[in-house]
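Below is one structure; the comments refer to it alone.
Numbering (the numbering used here), first residue to last: 2 to 142.
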């Protein structure tokens, strides 16, 4: 996969602090995301966005990237927001597949979708209409 940090058309974005509903998986399974099926393990977080879209996040990554909305305690099902973190994003100009998660499950990227690089080699895909509601460009100071 490409390194978005060095891609000339990639931009830096922040996820807006919009609460998402989170449940923790009691056993392994498969999550049907808008872009394809992604496997998850027991204990992983299954997030549901405002459009009913769902996606899994590996447990350790979830605990380091999200915080509970008070009075919820970390590790319990309920509402969480993403901690502020700048990531790279690139709007796809053509249909491609991208590997995500521990098992390198393939997601279908359509023209207009946004590819997010959370850290080197750690990718996600967001539909354009959801991206514009949930991410904002990082402004240079």
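Using N, Cα and C, we set each Cβ at its ideal position, and we do this for glycine too. Small disclaimer: the values here were computed from a predicted structure and weren't measured.
Three-way DSSP call (helix, strand, coil) for residue i in this model
i           : result
residue 95  : coil
residue 107 : strand
residue 7   : helix
residue 82  : strand
residue 49  : strand
residue 123 : strand
residue 28  : coil
Start and end residues, alpha helix (DSSP H) containing residue i
i           : result
residue 130 : 129-135
residue 24  : Run containing residue 24: none in the alpha helix (DSSP H); it sits in the beta strand (DSSP E), 21-25.
residue 62  : 60-66
Beta-carbon proximity check, residue i vs residue j, cutoff 7 Å
i           : j           : result
residue 14  : residue 136 : yes
residue 108 : residue 116 : no
residue 138 : residue 12  : yes
residue 21  : residue 48  : yes
Proximity test, residue i beta-carbon vs the ligand FMN heavy atom, cut-off 6 Å
i          : result
residue 31 : In terms of ligand content, the structure shown is empty, and the ligand FMN therefore cannot be addressed.
Rounded straight-line distance, which links the Cα of residue j to that of residue i
i           : j           : result
residue 91  : residue 72  : 35 Å
residue 94  : residue 128 : 13 Å
residue 39  : residue 50  : 16 Å
residue 81  : residue 122 : 24 Å
residue 112 : residue 102 : 22 Å
residue 69  : residue 78  : 9 Å
residue 9   : residue 97  : 18 Å
residue 28  : residue 44  : 7 Å
residue 87  : residue 118 : 10 Å
residue 24  : residue 46  : 6 Å
Start and end residues, beta strand (DSSP E) containing residue i
i          : result
residue 16 : 12-16
residue 37 : 37-41
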